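Trainee: Would you mind keeping the following structure in view while I ask a few things?
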Amino acid sequence: MENASVQLNDLPDEILMMIFKKLHNITLLYSLSDVNIRLNKIVHDSIFTNRLTFVNFVPSRLISQIYSPKYFVCPLPDLVLDRFCSHILSKIHQKVKWLDIESSSMERILSTNYPNLVGIALYNIHLENVVHLFSDVRLFTSTYKKQISSLVIDIKASGEGNPTRDKNIVLFKVPEMQNLSKFFSR
């Protein structure tokens, strides 16, 4: 066994798919998009592009606070978002069916057109931003309002907020979405 090293490109597509399914889609796309034509074809498959999670969930047990939800939501690093917004999303936007996004990256990610988007989850978002999102035609186009059937909104708690009132305000804006069949607000 003179040369026993095996490179990624030496593996058959089926083995690569099995390995890649164990990885986070964003990490996979960020790391292997544009490496070569073969890897592009694999990582741009709908298995890896139909749901994109642009947030990191950190278990609350790792962060000590008096009031702790089950998890904290953190945005992805700007370097990762920059690459996605400038290179990757334009190549896979037609395959995206669901987006999980954090409030600080919401505008950048929603500036791409997603013709097959049916679900969206907005995390760590202030109530005012929810109202702005549904009112701003640039961000939440009438196309999105027609095609989205599932919506999750995780409203960022503020010290003086009233959770019941906040949910009612969000529910007031949701009827603008014509095909919405599932709505969750936390």
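In terms of UniProt numbering, the sequence shown opens at residue 1 and continues consecutively.
By construction, the Cβ of each residue, glycine as well, lies at the ideal position given by its N, Cα and C atoms.
The model shown is predicted, which means the values in this text are computed figures rather than measured ones.
If V96 and N50 are in contact, beta carbons under 8 Å, what's the gap, nearest whole angstrom?
Mentor: Taking the sequence shown and counting its residues from 1, the one referred to as residue 96 is at position 96. Taking the sequence shown and counting its residues from 1, the one referred to as residue 50 is at position 50. Between N50 and V96 the Cβ distance is about 7 Å, and since that is below 8 Å, they are a contact.
Trainee: What first and last residue would you give for the beta strand (DSSP E) that runs through N124?
Mentor: Here residue 124 is taken as the residue at index 124 of the sequence shown, counted from 1. Where N124 is concerned, the enclosing beta strand (DSSP E) stretches over G119 to I125.
Trainee: Please state the DSSP three-state secondary structure of N25.
Mentor: Along the sequence shown, one-based indexing puts residue 25 at 25. Residue state, collapsed to three classes: helix.
Trainee: Rounding to the nearest angstrom, what Cα-Cα distance links L28 and V130 in this structure?
Mentor: Position 28 of the sequence shown, counted from the first residue, corresponds to residue 28. Position 130 of the sequence shown, counted from the first residue, corresponds to residue 130. Whole-angstrom Cα-Cα distance: 30 Å.
Trainee: Starting from the C-beta of L81, find all residues in its chain whose C-beta is less than 8 Å away, skip the five residues before and the five after it, and write them out in chain order.
Mentor: Looking up residue 81 in the sequence shown gives position 81. If we look at L81 and ignore the five residues flanking it on each side, its Cβ neighbours are F54, P75, S105, R108 and I109.
Trainee: Which residues mark the beginning and the end of the alpha helix (DSSP H) in which V43 is found?
Mentor: As a working note, residue 43 is residue 43 in the sequence shown. Residues I37 to V43.
Trainee: Between the Cα of L23 and the Cα atoms of I120, I47 and L117, which residue gives the shortest distance?
Mentor: For the purposes of this step, residue 23 is taken as the residue at position 23 of the sequence shown. Looking at the Cα atoms, I47 is the closest of the given residues.
Trainee: Relative to the C-alpha of K156, which residue among K41, L122 and I148 is closest?
Mentor: For the purposes of this step, residue 156 is identified with residue 156 of the sequence shown, where counting begins at 1. The residue with the shortest Cα to Cα distance from K156 is L122.
Trainee: Tell me which same chain residues have a C-beta within less than 7 Å of the C-beta of residue 192, skipping the five on either side of it?
Mentor: The question about residue 192 has no answer, for the chain in this structure spans 1 to 186.
Trainee: Excluding sequence positions up to five away, which residues of its chain have a Cβ less than 8 Å from the Cβ of C85?
Mentor: Position 85 of the sequence shown, counting from 1, holds the residue named residue 85. Here the set comprises R108, I109, S111 and T112.
Trainee: Could you name the residues that DSSP lists as bridge partners for N50?
Mentor: For the purposes of this step, residue 50 is identified with residue 50 of the sequence shown, where counting begins at 1. The partner list for N50 (beta bridge, DSSP) is empty, contrary to what the question assumes.
Trainee: If distances are taken between C-alpha atoms only, which option among I92, H126 and I148 comes closest to residue 204?
Mentor: Any property of residue 204 remains undetermined from this structure, which presents the chain solely from 1 to 186.
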